[in-house]
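Here the sequence shown is numbered in this note's numbering, starting from 108 and rising by one per residue. The C-beta atom is built at its ideal place from N, Cα and C for all residues, glycine as well. Fair warning: this is a prediction, and the values are worked out from it, not measured in the lab. A short write-up of the structure that comes next.
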Amino acid sequence: MPKLRDFSVYNGRLPDPVEGQDSTILEDLSTLEVGYFCCSEEVVKRIPNLKKLFVAHKFSGDDSFAQLNKLESLSLRYYNFGLEDIAFPTSLKKLSLTCCGFPWEKMTIIGSSLPNFEVLKLDNTGEGAEWSPIEGEFLRLKVLVIEDLDLEQWGAEDIHFPNLHGLYLRCMSRLKEIPLSIGDINTLQSIHLIFCRESAMSSAIEIVKDQKEKGNESLQVYVNLNKFSQTPM
Numbered sequence: 108m109p110k111l112r113d114f115s116v117y118n119g120r121l122p123d124p125v126e127g128q129d130s131t132i133l134e135d136l137s138t139l140e141v142g143y144f145c146c147s148e149e150v151v152k153r154i155p156n157l158k159k160l161f162v163a164h165k166f167s168g169d170d171s172f173a174q175l176n177k178l179e180s181l182s183l184r185y186y187n188f189g190l191e192d193i194a195f196p197t198s199l200k201k202l203s204l205t206c207c208g209f210p211w212e213k214m215t216i217i218g219s220s221l222p223n224f225e226v227l228k229l230d231n232t233g234e235g236a237e238w239s240p241i242e243g244e245f246l247r248l249k250v251l252v253i254e255d256l257d258l259e260q261w262g263a264e265d266i267h268f269p270n271l272h273g274l275y276l277r278c279m280s281r282l283k284e285i286p287l288s289i290g291d292i293n294t295l296q297s298i299h300l301i302f303c304r305e306s307a308m309s310s311a312i313e314i315v316k317d318q319k320e321k322g323n324e325s326l327q328v329y330v331n332l333n334k335f336s337q338t339p340m
């Protein structure tokens with residue numbers, strides 16, 4: 108048990124320490140997948156080197172991951188929470204939210220609090236038809252994955268994601284278009300659309316045309332009409 112590297116129990120949780128006994132420190136545990144998770148001081152002490160955490164449901168106790176100071180990847184599913192009530196560790200590079208409800212204006216809490224943030228996946232997450240990012244929120248973000256949302260208007264510009272490398276849109280049937288200025292992101296290499304609205308696909312083609320006119324021949328657009336195709340993460 109002390110040498111455990113990966114632990115997965117989808118419908119369970121990491122066992123609580125036995126009262127009156129010294130807690131086993133899982134020094135080598137780097138990946139943990141559980142149904143429920145409690146960020147108590149006792150639990151955090153047992154997993155000092157955890158790098159990847161998946162939680163299937165809202166966990167009990169203090170809604171703070173900040174004590175997990177080596178955590179790099181966090182996935183939350185079926186977790187309806189207030190982003191203002193949760194703290195993420197500054198070490199976090201990758202965040203995946205699936206079936207989590209929060210209004211778009213709260214996204215600034217994620218972007219502004221994570222200096223090493225590189226990958227964000229939003230799957231059936233976010234409430235509202237319009238998302239207007241704020242400059243300075245996602246300065247280091249490299250990959251953005253957006254899936255199965257009610258988003259119709261996306262007021263994004265190149266200044267909002269200045270280091271983006273890849274944009275993935277899947278099952279976005281209501282999104283009308285991708286903003287033209289997204290193509291002006293100097294680092295952007297590819298845009299992937301999977302089973303999206305026709306007008307959104309057309310806007311991606313227009314982005315490529317616009318970039319070619321500006322001398323950028325490297326931006327690629329990939330269109331896939333198979334709704335069952337998967338995105339990264």
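Those residues which DSSP pairs with residue i across a bridge
| i | result |
| --- | --- |
| Ser203 | Ser182, Lys228 |
| Tyr117 | In the DSSP output, where bridge partners are listed per residue, Tyr117 has none listed. |
| Gln327 | Ser297 |
| Gly273 | Val250, Ser297 |
| Cys141 | The sequence shown places Val at residue 141, rather than the Cys named in the question. According to DSSP, Val141 bridges with Val116, Val162. |
| Pro210 | Glu234 |
| Gln318 | Its beta-bridge partners do not exist; DSSP assigns none. |
| Ala263 | Note: Ala263 sits in no beta bridge, so no partner. |
| Ala307 | Its beta-bridge partners do not exist; DSSP assigns none. |
Identity of the residue in the options nearest residue i by Cα
| i | options | result |
| --- | --- | --- |
| Gln174 | His164, Thr197, Ala163, Val250 | Thr197 |
| Gly235 | Leu274, Leu251, Arg281, Leu276 | Arg281 |
| Ile154 | Ile301, Phe114, Asn331, Tyr275 | Phe114 |
| Thr232 | Asp265, Phe161, Leu258 | Leu258 |
| Gln296 | Arg304, Ser325, Met279 | Ser325 |
| Asn333 | Phe302, Ser239, Ser310, Phe161 | Phe302 |
| Trp238 | Ser220, Gln260, Ser137, Lys249 | Gln260 |
| Thr138 | Glu264, Leu157, Ser306, Glu242 | Leu157 |
| Leu300 | Ser336, Asp291, Lys321, Lys319 | Ser336 |
| His164 | Val150, Val151, Tyr185 | Tyr185 |
| Lys249 | Val116, Glu134, Asn293 | Asn293 |
| Asn331 | Val141, Ile298, Gly218, Val151 | Ile298 |
| Asn176 | Asn223, Met214, Gly290, Asn270 | Asn223 |
| Leu256 | Ile216, Arg247, Thr205 | Thr205 |
| Cys146 | Ile193, Gln318, Glu134 | Ile193 |
| Lys110 | Val116, Gln318, Leu136 | Leu136 |
Exposure label - residue i; buried when at least 16 CB within 10 Å
| i | result |
| --- | --- |
| Ile132 | exposed |
| Arg277 | buried |
| Leu178 | buried |
| Asp230 | buried |
| Ser203 | buried |
| Lys316 | exposed |
| Gln327 | exposed |
| Glu242 | exposed |
| Ser310 | buried |
| Glu254 | buried |
| Gly322 | exposed |
| Tyr275 | buried |
Integer-rounded CB distance, given that residue j should sit under 8 Å from residue i
| i | j | result |
| --- | --- | --- |
| Phe245 | His267 | 6 Å |
| Leu251 | Leu227 | 6 Å |
| Ser182 | Phe161 | 4 Å |
| Ala307 | Glu284 | 6 Å |
| Phe195 | Ser219 | The Cβ separation is near 11 Å, so there is no contact. |
Segments assigned alpha helix (DSSP H), at least 4 residues, entirely inside the stretch 144-173: 148-153
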